[in-house]
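S.K.:
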Amino acid sequence: MANPLTSQAHGVDDDLEAVYQYASDQGWIDGLPIIPPTKERVERMIAGSKRPAADVVSVVPPNQAPATIEKVAINAVMAGCKPEYMPVIVTALEAAADPKFNLYALNTTTSSVSPYLIVNGPIRNQLNINGGYSAFGGGNFRANATIGRAVRLVMRNVGGAIEGLVSKSTMGQPGRITACVAEWEEKSPWPPLHVQRGFKLEQSTVTVFGSQGTLNVQDTQCKTAKALLTVIAHSIDISASNKVLGRAGAGEILLALCPDFSWIVSRDGWSVEDAKQFLYEETKAIPLSRFPPELLPRMEANGRIVNGVVPLCERPDQFIVITAGGLGGLHAIACHPFAEGASVTRAIPT
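Residue 288 in the working numbering sits at position 307 of the sequence shown, with consecutive numbering throughout.
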């Protein structure tokens, strides 16, 4: 017999609008409608995890409260997930609990940062997680929309990251509702992200990356690797980025190149490591003239000024390069980091 649920039950009228209003009044949601987390739905979601309801997935800051499989399942139901999404959600929460990710700082900062999930491996296609057109949002892809949302609801309802009370994010961002993307591995000329990080191609993984939001980079003229990456490099070496103003050595830059961009770079014989090296070299000497004098003492204290210039990154491997997005349109997405943590990749159990 399955273990009984231990969470408090709430009696609400059997009406979707009544449940929506009640959940909003309790402060459980992100403003969007929810699926009512009935006992039957929660039990099906728990079954999808293939783990006992009482198992603790992680301890979620700042409340430092245990996110059990049951608690995760409740939030996954509300987010609109299918039970088969649970292994991705659970693994993402485990990755976010890695001290390297620094979830406490992310959940309490004034920054707009939020966890962006990058899914690799066979599970992308099994769950229909989108990495093509509208990969970063706006498409009719239930998995993308609800997996990322479930992770955010856990941080809210278990971790206590409630806006204005604990989460002090000044502006927020759409990614604080949901942010989940797959890499379009079949359209990439390079090893996908999880293989770059030492996993096997046939493994499925999820990477959590603390992103400040998305910056679109467009170029319709450059036809060589060097020209295109030069445009991208000088679109991302911005003066107000946490990557520039934060501690030296911290943070990464996520670049999602559309397949056409990846092919342009690869066609010239460049590997993904070559692309990272070029981006590093092209952005390692931001002139001090770009910064007002008031910023320089802080940057000096953080070790950000090196030989009279400011490097965007200290190492080539601080550029995360994936292939995603639709065909034909010539765009990339750049995501700047929180710079108080690092991305973490974990294998999803199958």
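Glycine residues also receive a C-beta, built at the ideal position from the N, C-alpha and C atoms. Because the structure is a prediction, the values reported are computed rather than measured.
Could you tell me which residues DSSP puts in a beta bridge with residue 300?
M.R.: In the DSSP output, where bridge partners are listed per residue, residue 300 has 234.
S.K.: For residue -18, which residues from the same chain have a beta carbon less than 7 Å from its beta carbon, with the 5 sequence-adjacent residues on both sides left out?
M.R.: Confidence at residue -18 is low in this model, with a pLDDT of 36, below 50, so its placement is unreliable and the value that follows should be read with caution. Once the five neighbours on either side are set aside, residue -18 has no close Cβ partner at all.
S.K.: Pull up the CB-CB distance for residue 16 and residue 71, whole angstroms please, since I reckon it's below 8 Å.
M.R.: Going by Cβ atoms, the distance from residue 16 to residue 71 rounds to 19 Å, so no, they are not a contact pair.
S.K.: Give every residue of the same chain whose Cβ lies closer than 7 Å to the Cβ of residue 89, excluding the five residues on either side of it in the sequence, and list them in chain order.
M.R.: Here the set comprises 43, 147, 148, 149.
S.K.: If you run the structure through DSSP and keep just helix, strand and coil, what is residue -18?
M.R.: Summary for residue -18: the model assigns pLDDT 36, below 50, so the residue's position carries little reliability, and this model does not support an answer.
S.K.: Any idea what DSSP makes of residue 175, helix, strand or coil?
M.R.: Residue 175: helix per DSSP, three-state reduction.
S.K.: CA-CA distance, residue 130 and residue 48?
M.R.: Going by the C-alpha atoms only, they are around 15 Å apart.
S.K.: Rounded to whole angstroms, what is the Cα-Cα separation between residue 243 and residue 257?
M.R.: Looking at the two C-alpha atoms, the distance is approximately 12 Å.
S.K.: Tell me which residue opens and which closes the beta strand (DSSP E) that residue 190 is part of.
M.R.: From DSSP, the beta strand (DSSP E) with residue 190 extends over 186 to 192.
S.K.: Go through its chain and collect everything with a Cβ distance to residue 78's Cβ below 6 Å, but skip five positions before and after it.
M.R.: Counting only Cβ-Cβ distances below 6 Å, and skipping sequence neighbours, we find 39.
S.K.: Note the first and the last residue of the continuous beta strand (DSSP E) segment covering residue 199.
M.R.: It spans 196 to 199 - the beta strand (DSSP E) in which residue 199 sits, taken as one unbroken run.
S.K.: Of the residues 97, 5, 37, which one's Cα is nearest the Cα of residue 323?
M.R.: Among 97, 5, 37, the Cα nearest to that of residue 323 is on 97.
S.K.: From which residue to which residue does the beta strand (DSSP E) around residue 139 run?
M.R.: Residue 139 -> no beta strand (DSSP E), and no H or E assigned at all.
S.K.: Distance, Cα to Cα, residue 269 vs residue 284?
M.R.: When rounded, the distance between both Cα atoms is 14 Å.
S.K.: Over the uninterrupted beta strand (DSSP E) stretch that includes residue 331, give me the two end residues.
M.R.: No beta strand (DSSP E) holds residue 331; DSSP gives it neither H nor E.
S.K.: Have a look at residue 63 and residue 237 and give me their C-alpha separation to the nearest angstrom.
M.R.: Cα to Cα, residue 63 sits roughly 27 Å from residue 237.
S.K.: Under 8 Å, do residue 308 and residue 259 count as touching if we go by C-beta distance?
M.R.: Contact: no.
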